[in-house]
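Residue numbers (the working numbering): 1 to 155. The C-beta atom is built at its ideal place from N, Cα and C for all residues, glycine as well.
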Amino acid sequence: MLIFRIIHLFTFAACMSLGLLVFLQNQRRGANQFFLLLTGFLSLWLSFLMLGFQANSAEVSAFYVRSTNSAALFIPYIFDCLRLAIVQPSLSFRRVFFHSPTWLAMCIAMAAMCHTPLFLQGMEMPSHTLMDVPVPVYGPGIILYGAYFLTTLIS
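Here you go:
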């Protein structure tokens with residue numbers, strides 16, 4: 001697992017550094033602000049993923065799997081905000097962020113659903129911990145989760 005930690009730390013540092021460097025080039029530009037937000041969510045997703053792999057108990061691992069999936073829900077929305085900020089640079093951060101309140105509300109509702117047994121029923125811990133990772137046991141909510149990502153790809 002040491003190699004996974006090294007790769008995670010390198011990737012996390014590269015992602016956050018890139019986001020901060022772009023943001024510091026022009027802090028008032030909306031595209032730079034959304035790029036920082038995007039890299040922050042990608043780093044958060046990556047960190048939850050790594051913490052879930054390293055968990056020693058099923059409960060802790062389940063929390064991080066749920067958090068990983070919750071963070072992932074916002075990435076397409078923030079990417080769309082970044083796209084809109086690039087296309088229409090005159091719009092304010094607030095106006096771009098709330099450009100689609102229905103989509104944002106769906107992200108929040110789906111993130112809340114990720115923290116219920118409807119989404120994740122439990123975790124199966126590996127019998128030996130050398131290179132195995134916990135295996136999630138998903139509930140019927142995973143279908144809604146998949147449908148959400150399918151609709152974001154289509155639109």
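query, result
"Under a three-way DSSP split, which group does residue 118 fall into?", "coil"
"Pick helix, strand or coil for residue 133, following the three-state DSSP scheme.", "coil"
"How is the alpha helix (DSSP H) around residue 42 delimited, first residue to last?", "30 to 54"
"Using 8 Å as the Cβ pair cut-off and three pairs as the minimum, do the stretch 87 to 107 and the stretch 58 to 69 touch?", "no"
"What does a CB cutoff of less than 6 Å around residue 134 pick up in its chain, not counting 5 residues either side in sequence?", "61, 123, 125"
"Which partner residues of residue 138 appear in the DSSP bridge assignment?", "120"
"Who are the near neighbours of residue 132 in its chain, counting only those whose CB is closer than 8 Å to its CB and skipping five residues on each side?", "126"
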